[in-house]
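Chemist: To convert a position in the sequence shown, counted from 1, into the numbering used here, add 2.
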Amino acid sequence: MTLTWLDEPTVDALRAALRMVAPDLADGVIVPRGLEPSDDPQWCGASAEVDGRFVVKFAWAQPPARRICYQVRLLDVLRVAVPWLPLPMVVASSRSPAMLVTRRAAAMPFFDIRRLITPADRPTAAGDLAAILAGLHDPEVLVAVSAAIGPLPGPMAPASTDTLRARFGALIRSDQRERVSTWCDWADRALATPGRTVLVHGDFHGDNHLWDRESLRLRLVVDWETAGTGEPEFDLRCLPGDCGVELFTATVAQYERVSGTTLDTDRIMAWHLRTVLGDALWRAEAGVALPDRRTPAQWVDDLEARFTALGTFG
């Protein structure tokens, strides 16, 4: 079937598409998320809640339309290859127009519950994170998925250190610029040789793993459209900032225990550095506020605190 997408980023266009893909939802209450025009076709995609019970992913350009269809196919394969993985429940999907409808889970993004995790809760939370990631990274999972789908893409890489050296200095204090340059040199050394190859989620940040507020257990992992081949450390790169150093180190220890493999913390922190600074860079240059409404300079101070707490040279 030919791949198509919405003509425009509007609720009316989405409602018309739902009449073709999931007619029972077309007259529901639609609350869009990220439904904003973009000059870059790469980012012409969004999601919406329908009646508070369903989540719809859709696109109005080819690149995100392809990612939606890739995610649909990957979810089908993962459901067979890794049946215990907490995946979204697919209600409907389509290539024309590209759309994925899943049932909304009674769970909350990690960002909304992380402050509730006490030191006593930490081992269980770390165990949940480690079990999901270590299980996904099992070599047999990559073999099964590759056999079903074929060659897989690599995940979307964060900003390069060359980009950060050239452009990030304008966003921070003069006393921080040399420090960031030194960090970039260190990251280059840490990532100079390739790591082992596994299936990675590719975007495992706190909005993409959902938790039960009462039990503080991980219930669902969403947004698989950038999954592909990469190194295990890449998938843990958001945890130092999202979880805090204590939960991050507990997760690494649990991961190594359940998987029987070793993680390279320097590699994780090198990816973390590029991810954090790259996120701050594009947001600042696009005039988009950082998620916590602070400044790139403050994010640099946070990074330094994490490097210090971990005893990592940065």
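Each residue gets a CB set at the ideal place from its N, CA and C atoms; glycine is no exception.
None of the values given here were measured: they were computed from a predicted structure.
Hey, would you say residue 312 sits closer than 9 Å to residue 242, going by beta carbons?
Modeler: Yes, the Cβ-Cβ distance between residue 312 and residue 242 is below 9 Å.
Chemist: CA-CA distance, residue 21 and residue 29?
Modeler: In a straight line, the C-alpha of residue 21 is about 8 Å away from that of residue 29.
Chemist: Tell me the rounded alpha-carbon separation between residue 204 and residue 224.
Modeler: When rounded, the distance between both Cα atoms is 11 Å.
Chemist: Does the distance from the C-beta atom of residue 89 to that of residue 226 stay below 9 Å?
Modeler: Yes; because the gap between Cβ atoms is below 9 Å, this pair is in contact.
Chemist: Residue 175 and residue 105 look like a contact to me (Cβ under 8 Å); what is the Cβ gap, rounded to whole Å?
Modeler: With a Cβ gap of about 47 Å, residue 175 and residue 105 do not count as contacting.
Chemist: If you draw a straight line from the C-alpha of residue 316 to the C-alpha of residue 251, how long is it?
Modeler: Since pLDDT at residue 316 reaches only 47, below the 50 mark, its modelled position is unreliable, and no value is offered.
Chemist: If you draw a straight line from the alpha carbon of residue 100 to that of residue 74, how long is it in whole angstroms?
Modeler: Each residue's alpha carbon lies about 10 Å from the other.
Chemist: In chain order, which alpha helix (DSSP H) runs of at least 4 residues are fully inside the region 95–173?
Modeler: Complete alpha helix (DSSP H) runs here, min 4: 112–115, 124–138, 141–151, 163–169.
Chemist: Using 8 Å as the Cβ pair cut-off and three pairs as the minimum, do the region 10–19 and the region 59–69 touch?
Modeler: As far as the Cβ criterion goes, the region 10–19 touches the region 59–69, which means the pair count is three or higher.
Chemist: Residue range of the beta strand (DSSP E) that residue 13 falls in?
Modeler: First-last for residue 13: 13–23, but that is the alpha helix (DSSP H), not the beta strand (DSSP E).
Chemist: Check residue 30 in the structure and name its three-state DSSP category.
Modeler: Coil, per DSSP.
Chemist: What does the alpha-carbon distance come out to for the pair residue 122 and residue 112?
Modeler: Answer to the nearest angstrom: the Cα atoms are 17 Å apart.
Chemist: State the CB to CB distance for the pair residue 82 and residue 93, rounded to an integer number of angstroms; the pair is presumed to be in contact (CB under 8 Å).
Modeler: No, residue 82 and residue 93 are not in contact; Cβ-Cβ is about 18 Å, not under 8 Å.
Chemist: With burial defined as no fewer than 16 other Cβ atoms inside 10 Å of the residue's Cβ, what is the status of residue 310: buried or exposed?
Modeler: The residue in question, residue 310, is exposed, as its Cβ has fewer than 16 Cβ neighbours within 10 Å.
Chemist: Do you know offhand how far residue 287's Cα is from residue 262's?
Modeler: Approximately 42 Å, taken between the alpha carbons.
Chemist: Report, in whole angstroms, the separation of the C-beta atoms of residue 221 and residue 107, which I expect to be a contact under 8 Å.
Modeler: Confirmed, Cβ separation roughly 6 Å.
Chemist: What number of angstroms, rounded off, separates the C-alpha of residue 18 from the C-alpha of residue 98?
Modeler: Answer to the nearest angstrom: the Cα atoms are 12 Å apart.
Chemist: Return the first residue and the last residue of the beta strand (DSSP E) that residue 49 is part of.
Modeler: Unbroken beta strand (DSSP E) run through residue 49: 47–52.
Chemist: Take every Cβ of the region 227–234, pair it with every Cβ of the region 184–204, and state whether three or more of those distances are shorter than 8 Å.
Modeler: Touching, per the Cβ criterion.
Chemist: Let me make sure I understand the geometry here. Which of 143, 173, 271, 246 has the alpha-carbon closest to that of residue 77?
Modeler: Selected option, being the one with the closest Cα: 143.
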